[in-house]
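Heads up: the protein sequence lines correspond to chains A and B, in order.
Quick note on this note's numbering: the first sequence kicks off at 111 and runs consecutively.
Quick note on this note's numbering: the second sequence kicks off at 9 and runs consecutively.
Below you'll find the structure, written out as structure tokens, and then a few comments.
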Amino acid sequence: MGSHVWVAGAAEFPQGKTSWPSTMALHEALVQEALTDAGLKLDDVDALITVSPRSDPYLVHAIALAERLGIIPKVALTLEAGGTAPVAMCASAEGVFSTEPDVDVVVAVAADLPATGIGRAQYTSSLAVAAGPVHPDYEAPYGPTVPAMFALVASAYLDRYSVDPLRLAALPLQDREMASRHPNAHMRSPMSLEDYVSAPMVASPLRLFDCAPVSDGGGAVVLTKHPPQKGAQIRGIGSSFRHLHLSAANDIVSFGAGDALDRALSRAGMSRDDIDVACVYDCFSIAGYVNLEDMGLVGRGEAPDAIAEGHFTAAGSGPALNPHGGLLSHGHPARAGGMGNLIEAYRQVTGAAMERQVPNCRAAIVHGMAGVFAGHAVMILTAS
Amino acid sequence: MTRQNPTGTAPNADQTPTADAFRWPSPHVQPETAPYWQASQHVLPYCDRCDRWFWAGQRICPACAEPLALRPTSGQGTVEAVTVVHRTHDRRWRDAVPYAVAAVRLKEGPRLIANVVGSPPEKIRIGTPVRVVLCATDDPHIRVPVFETT
């Protein structure tokens with residue numbers, strides 16, 4: 111079972127504050143690096159799939175990138191999919207391969223420069239008023255920041271499962287420890303529980319380190335219709351879209367990540383026990399906990415304790431969670447949020463994760479999330 | 009315009025903070041949203057045929073596809089989730105921190121995410137009963153539904 115799409119190469123540069131002259135320059139470099147990794151050249155590219163970055167808008171971004179690269183692709187697609195975009199780009203590539211017989215190589219790239227290209231303050235305030243996760247008509251008038259929307263979910267989560275607010279520290283601490291071993295991670299300096307607690311409250315119960323940083327960055331992957339010499343196979347993809355705004359959500363502490371994982375596993379003919387590495391979208395600590403629980407990888411209200419006890423590490427009984435440091439410490443590059451999850455899953459199943467390598471990693475899941483738990487997409491990768 | 013904290017702890021200690029003293033930034037009123045913001049009491053979309061209430065953004069009933077009419081709510085609800093915002097880059101709200109934003113489940117069922125006034129923000133708990141109060145905005149013709157503790 112599974113799809114007939116392979117990941118043949120990937121590229122990523124250091125996330126954080128960068129000195130790229132433009133967002134397009136970063137896209138260009140990522141495409142070239144990913145092609146080199148795949149052993150391919152620019153003129154091998156049949157199709158480009160991109161995400162329109164916040165820092166560099168074009169009428170059709172993928173065509174602008176093709177123009178910049180000086181190539182004439184057979185297909186150029188720009189997706190609007192929030193944090194599900196990394197997986198959605200791969201799903202689109204699968205569709206392109208099945209409908210375009212002369213397309214063999216697709217490059218999917220997402221990158222953004224919110225830290226230096228737009229500026230952190232302007233970026234975060236714009237998210238609460240325009241094309242962000244806050245409803246522009248019915249939620250924005252009350253001044254909810256993006257952290258506040260996630261904090262609402264966190265408050266209900268702590269209340270429903272009687273979890274001590276300080277237990278929220280578990281994932282930020284584990285992610286930071288993982289990121290310390292990743293040369294590209296944005297937040298690599300060691301963090302203690304004391305550092306976590308003494309950081310300012312942003313929107314209660316979420317403190318500064320419950321929130322992902324605003325990072326420049328992103329990544330690219332080369333997707334092929336034919337198995338590469340080295341690479342990963344996409345085994346299954348599943349998505350779920352239950353609402354866009356938190357006001358319209360059915361429950362306030364449980365969302366669609368589990369639906370997406372179920373669909374992906376069913377297509378792959380695999381089970382949860384097969385997952386060795388889980389790259390779960392954690393733009394906020396609470397997102398990591400709720401998504402892990404919705405995916406059925408741990409019981410309700412149990413994710414913080416399970417993480418604190420080491421359950422989700424290479425040595426633990428569960429899948430190794432976010433060996434790259436998650437969005438919380440590897441970084442959150444605006445429209446390219448979650449590319450790190452895709453790149454890490456690819457590195458892990460191909461045995462190329464260096465000192466972060468999880469031993470015997472056969473299968474990894476990439477989870478992406480749009481909005482406040484709104485859209486979910488899960489992709490399963492195995493070594494090819 | 010001097011902003012005061014909408015939720016009870018004023019930056020200016022000599023003033024008594026109330027919902028009356030704070031002016032909310034006016035929502036962006038468009039033809040489609042004007043009936044919601046200009047209603048004389050709190051309203052939400054309702055389907056007569058299916059006897060179902062919906063959140064403010066719903067336009068047609070997903071069960072029968074009929075257009076929904078706005079209908080007055082009881083204005084009564086319960087705090088389902090609450091946060092106190094301490095940091096914002098939004099210049100319209102910077103001087104108002106710390107302020108409370110809550111998700112409230114109205115008696116009719118739908119959720120409304122809005123501020124809660126009348127109590128210090130840190131004191132608002134999940135499960136607290138609240139009621140809608142319409143509050144003044146920068147636009148004299150528009151009031152926004154906000155919650156106060158009962």
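Virtual Cβ for every residue (Gly too), placed ideally from N, Cα, C.
Beta-carbon proximity check, residue i vs residue j, cutoff 8 angstroms
{"i": "residue 203 of chain A", "j": "residue 115 of chain A", "result": "yes"}
{"i": "residue 97 of chain B", "j": "residue 165 of chain A", "result": "no"}
{"i": "residue 58 of chain A", "j": "residue 341 of chain A", "result": "Because chain A is modelled from 111 through 494, residue 58 of chain A falls outside the range shown and cannot be assessed."}
{"i": "residue 89 of chain B", "j": "residue 362 of chain A", "result": "yes"}
{"i": "residue 402 of chain A", "j": "residue 413 of chain A", "result": "yes"}
{"i": "residue 452 of chain A", "j": "residue 331 of chain A", "result": "yes"}
{"i": "residue 283 of chain A", "j": "residue 315 of chain A", "result": "no"}
{"i": "residue 482 of chain A", "j": "residue 455 of chain A", "result": "no"}
{"i": "residue 75 of chain B", "j": "residue 93 of chain B", "result": "no"}
{"i": "residue 249 of chain A", "j": "residue 121 of chain B", "result": "yes"}
{"i": "residue 510 of chain A", "j": "residue 368 of chain A", "result": "With chain A covering only 111 through 494, there is no way to say anything about residue 510 of chain A."}
{"i": "residue 259 of chain A", "j": "residue 244 of chain A", "result": "yes"}
{"i": "residue 298 of chain A", "j": "residue 290 of chain A", "result": "yes"}
{"i": "residue 254 of chain A", "j": "residue 109 of chain B", "result": "yes"}
{"i": "residue 288 of chain A", "j": "residue 470 of chain A", "result": "no"}
{"i": "residue 279 of chain A", "j": "residue 303 of chain A", "result": "yes"}
{"i": "residue 78 of chain B", "j": "residue 62 of chain B", "result": "no"}
{"i": "residue 495 of chain A", "j": "residue 141 of chain A", "result": "Here chain A comprises residues numbered 111 to 494, so residue 495 of chain A is not present and cannot be evaluated."}
{"i": "residue 374 of chain A", "j": "residue 348 of chain A", "result": "yes"}
{"i": "residue 515 of chain A", "j": "residue 385 of chain A", "result": "Not covered by the structure: residue 515 of chain A. The range shown for chain A is 111 to 494."}
{"i": "residue 224 of chain A", "j": "residue 444 of chain A", "result": "yes"}
Length of the line joining the Cα atoms of residue i and residue j
{"i": "residue 64 of chain B", "j": "residue 133 of chain A", "result": "37 angstroms"}
{"i": "residue 408 of chain A", "j": "residue 67 of chain B", "result": "38 angstroms"}
{"i": "residue 319 of chain A", "j": "residue 423 of chain A", "result": "20 angstroms"}
{"i": "residue 478 of chain A", "j": "residue 390 of chain A", "result": "7 angstroms"}
{"i": "residue 124 of chain A", "j": "residue 71 of chain B", "result": "49 angstroms"}
{"i": "residue 489 of chain A", "j": "residue 100 of chain B", "result": "41 angstroms"}
{"i": "residue 313 of chain A", "j": "residue 134 of chain B", "result": "16 angstroms"}
{"i": "residue 437 of chain A", "j": "residue 307 of chain A", "result": "19 angstroms"}
{"i": "residue 17 of chain B", "j": "residue 151 of chain B", "result": "Because the pLDDT at residue 17 of chain B is just 43, under 50, the model does not fix this residue reliably, and the value given afterwards should be weighed accordingly. So the alpha carbons of these two residues sit roughly 22 angstroms apart."}
{"i": "residue 449 of chain A", "j": "residue 393 of chain A", "result": "12 angstroms"}
{"i": "residue 85 of chain B", "j": "residue 55 of chain B", "result": "20 angstroms"}
{"i": "residue 427 of chain A", "j": "residue 492 of chain A", "result": "19 angstroms"}
{"i": "residue 430 of chain A", "j": "residue 387 of chain A", "result": "5 angstroms"}
{"i": "residue 155 of chain B", "j": "residue 416 of chain A", "result": "37 angstroms"}
{"i": "residue 102 of chain B", "j": "residue 257 of chain A", "result": "15 angstroms"}
{"i": "residue 153 of chain B", "j": "residue 142 of chain B", "result": "4 angstroms"}
{"i": "residue 120 of chain A", "j": "residue 147 of chain A", "result": "6 angstroms"}
{"i": "residue 25 of chain B", "j": "residue 126 of chain B", "result": "Unreliable positioning characterises residue 25 of chain B in this predicted model, as indicated by a pLDDT of 40, which lies under 50. A coordinate reading is not provided."}
{"i": "residue 326 of chain A", "j": "residue 158 of chain A", "result": "21 angstroms"}
{"i": "residue 233 of chain A", "j": "residue 221 of chain A", "result": "15 angstroms"}
{"i": "residue 136 of chain A", "j": "residue 167 of chain A", "result": "14 angstroms"}
{"i": "residue 487 of chain A", "j": "residue 207 of chain A", "result": "20 angstroms"}
{"i": "residue 317 of chain A", "j": "residue 143 of chain A", "result": "36 angstroms"}
{"i": "residue 466 of chain A", "j": "residue 292 of chain A", "result": "7 angstroms"}
{"i": "residue 339 of chain A", "j": "residue 446 of chain A", "result": "28 angstroms"}
{"i": "residue 113 of chain B", "j": "residue 231 of chain A", "result": "32 angstroms"}
{"i": "residue 113 of chain A", "j": "residue 205 of chain A", "result": "10 angstroms"}
Beta-bridge partners of residue i, as assigned by DSSP
{"i": "residue 394 of chain A", "result": "A:321"}
{"i": "residue 389 of chain A", "result": "A:476"}
{"i": "residue 54 of chain B", "result": "B:61 and B:77"}
{"i": "residue 99 of chain B", "result": "Partner(s): none; residue 99 of chain B has no beta bridge."}
{"i": "residue 187 of chain A", "result": "A:159"}
{"i": "residue 139 of chain B", "result": "B:84 and B:156"}
{"i": "residue 107 of chain B", "result": "B:93"}
{"i": "residue 349 of chain A", "result": "A:487"}
{"i": "residue 283 of chain A", "result": "None; residue 283 of chain A has no bridge partner."}
Assumed close pair residue i, residue j - CB separation to whole angstroms, cut-off 8 angstroms
{"i": "residue 323 of chain A", "j": "residue 442 of chain A", "result": "6 angstroms"}
{"i": "residue 365 of chain A", "j": "residue 359 of chain A", "result": "7 angstroms"}
{"i": "residue 191 of chain A", "j": "residue 485 of chain A", "result": "7 angstroms"}
{"i": "residue 156 of chain A", "j": "residue 212 of chain A", "result": "7 angstroms"}
{"i": "residue 188 of chain A", "j": "residue 162 of chain A", "result": "5 angstroms"}
{"i": "residue 247 of chain A", "j": "residue 36 of chain B", "result": "7 angstroms"}
{"i": "residue 91 of chain B", "j": "residue 262 of chain A", "result": "5 angstroms"}
Closer than 8 angstroms to chain C by CB, residue i
{"i": "residue 274 of chain A", "result": "The structure shown contains no chain C; the protein chains it does contain are A and B."}
Point to revise | Contact residues within the segment 291–323 of chain A, judged by C-beta distance below 9 angstroms to chain B | key: Answer set for the segment 291–323 of chain A: 310, 311, 312, 313, 314, 315, 316 and 318.
Exercise for review: Would you list, in chain order, the members of the segment 243–254 of chain A that have their beta-carbon closer than 8 angstroms to a beta-carbon of chain B?
Suggested key: The segment 243–254 of chain A vs chain B, Cβ under 8 angstroms: 245, 246, 247, 248, 249, 250, 251, 252, 253 and 254.
Check your understanding: At a Cβ cut of 9 angstroms, what residues of the segment 119–150 of chain B count as close to chain A, listed as they run along the chain?
Key -> Under the 9 angstroms Cβ criterion, the segment 119–150 of chain B contributes 119, 120, 121, 122, 123, 129, 130, 133, 134, 135 and 145.
Point to revise | Short-range partners of chain B found in the segment 351–370 of chain A, where Cβ spacing is below 8 angstroms | key: Correct list: 355, 356, 357, 358, 359 and 362.
Exercise for review: Could you please tell me which residues of the segment 206–224 of chain A, in chain order, have their CB closer than 8 angstroms to any CB of chain B?
Suggested key: Listed by position along the chain: nothing, the set is empty.
Review point. Which of the residues in the segment 60–81 of chain B, read from start to end, lie with their CB under 7 angstroms from any CB of chain A?
Key: Taking 7 angstroms as the Cβ-Cβ cut-off against chain A, the residues of the segment 60–81 of chain B that qualify are 63, 64 and 65.
**Study point:** Short-range partners of chain B found in the segment 425–449 of chain A, where Cβ spacing is below 7 angstroms
**Key:** Listed by position along the chain: nothing, the set is empty.
Practice item. Output, in sequence order along the chain, the residues in the segment 33–49 of chain B whose CB is closer than 7 angstroms to any CB in chain A. Key: Within the segment 33–49 of chain B, 33, 35, 36 and 41 place their CB atoms closer than 7 angstroms to a CB of chain A, listed in sequence order.
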